[in-house]
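Notes follow once the structure below has been shown.
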Amino acid sequence: MDGIGIGIPKMVSGTHYGNLQKVRGGKRTFGITPHIPGGFITPEQLEKIAKVTKKYNGVIKITSGQRLLITNLKGEDLPKIWNELGMEPAVKKQNSVKNVEMCPAGFCKRSKFNTIGTGMKLLNKYKHMDMPCRTKIGVAGCRNACGSVYSKDVGVIADKTGFLVTAGGSAGHNPRMADILIKDVDEKEALRIVDKIFEVYKGEAEAGEKLGDFIDRIGIEVFKEKTLA
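In this text, residue positions in the sequence shown follow my numbering: the first is 231, and each later residue adds one.
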């Protein structure tokens with residue numbers, strides 16, 4: 231990422247998306263996180279990731295964001311690793327839409343709607359989009375909201391009677407449960423509301439302000455008026 235630090239090889243700053251993970255005895259190790267849409271990955275992709283990780287003596291960590299962190303890497307190896315993986319980084323800018331997390335939806339017996347398609351629509355539209363602060367989206371196919379949707383900045387949850395849209399969740403150092411903005415709307419309307427949420431958030435929030443903090447600052451009723459109109 232940009233601004234990792236002084237003295238770090240230029241190749242790992244900006245264009246090769248390596249995060250400094252550890253410094254011990256003057257030795258620096260880095261981690262990278264490839265983009266895995268919705269957390270769904272093919273056996274062939276897994277095999278390639280395992281092969282490349284083994285080649286460069288890396289360690290794979292399954293993250294809470296439905297991604298794979300490949301860590302314990304040398305900075306000078308990052309360009310070669312990305313090239314051999316043939317994948318793009320999960321995050322390109324800090325203050326952006328970081329990921330869209332999805333439950334198994336259509337593969338689960340409890341799913342009320344196959345929200346994998348819904349999640350992919352959101353991913354294709356908002357992936358890497360600039361935001362006032364880091365932003366996560368969660369999508370679930372039933373009210374169990376697997377994937378911790380209520381801890382995401384924006385959530386779309388399917389139910390028997392329609393979709394719920396939530397906003398303002400956070401699982402960081404200042405945890406916040408998301409507010410339910412609306413219930414029982416169809417998918418098209420839910421996606422329109424998400425679009426409006428981001429329009430208001432990008433247009434009115436302060437730099438570095440999380441969506442939940444923005445909602446608390448202006449009040450949930452005012453936020454609803456702005457996003458549900």
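Yeah, the Cβ is synthetic: ideal placement off N, Cα and C, and Gly gets one too.
The structure displayed is predicted, hence computed values, not measured ones.
Fill in: Beta carbon of Leu352 nearer than 8 angstroms to that of Val415
The Cβ atoms of Leu352 and Val415 do not sit closer than 8 angstroms to each other.
Fill in: Gly288 (DSSP reduced to helix, strand or coil)
Residue state, collapsed to three classes: coil.
Discussion item. So, for Ile448: in the same chain, excluding its five sequence neighbours on each side, which residues have a beta-carbon less than 6 angstroms away from its beta-carbon?
Written reply: Only residues of its own chain outside the window of five on either side were considered, and among them none has a CB closer than 6 angstroms to the CB of Ile448.
Fill in: For Lys456 and Ile367, the rounded distance between their alpha carbons
Distance between the alpha carbons of Ile367 and Lys456: 19 angstroms.
Worksheet entry | Buried or exposed (CB count within 10 angstroms, at least 16 for buried), Gln324 | With fewer than 16 other Cβ atoms inside 10 Å of its own Cβ, Gln324 counts as exposed.
Discussion item. Helix, strand or coil for Asp232? Go by DSSP, reduced to three states.
Written reply: Caution applies to Asp232, whose pLDDT of 38 falls short of 50 and renders its modelled position unreliable; the model cannot decide the point.
Worksheet item: Going by the CB atoms, is the gap between Val282 and Leu250 shorter than 8 angstroms?
Response: Not a contact, by the Cβ cut-off of 8 angstroms.
Practice prompt. Specify the secondary structure class of Lys317 as computed by DSSP and reduced to three states.
Written response: It should be pointed out that residue 317 corresponds to Met in this sequence rather than to Lys. The answer is coil: DSSP assigns Met317 none of H, G, I, E or B.
Worksheet item: Leaving out five residues before and five after Gly261 in sequence, what residues of the same chain have Cβ atoms less than 6 angstroms from its Cβ?
Response: Apart from the 5 residues on each side of it in sequence, Gly261 sits with its Cβ closer than 6 angstroms to the Cβ of Asn249, Gln251, Leu299, Thr301 in its chain, given in chain order.
Practice prompt. Whole angstroms is fine: what's the gap from Gly385's alpha carbon to Val379's?
Written response: Approximately 6 angstroms between the Cα atoms of the pair.
Worksheet item: Anyone know if the C-beta pair for Pro319 and Pro264 falls short of 8 angstroms?
Response: Judged by beta-carbon spacing, Pro264 lies within the 8 angstroms limit of Pro319, meaning their Cβ atoms are closer than that value.
Practice prompt. May I have the straight-line CA-CA distance separating Asp307 from Gln296, to the nearest angstrom?
Written response: Taking the CA atoms as reference points, Asp307 sits about 24 angstroms from Gln296.
Item to complete: Output the boundary residues of the beta strand (DSSP E) element that contains Arg258.
Response: Run containing Arg258: 257 to 262, per the beta strand (DSSP E) assignment.
Worksheet item: Could you give the distance in angstroms between the alpha-carbon of Asn329 and the alpha-carbon of Gly269?
Response: The alpha-carbon atoms of Asn329 and Gly269 are separated by roughly 10 angstroms.
Practice prompt. Taking Glu331 as part of the alpha helix (DSSP H), name the residues at either end of that continuous run.
Written response: Careful: Glu331 lies outside any alpha helix (DSSP H), inside the beta strand (DSSP E) at 327 to 332.
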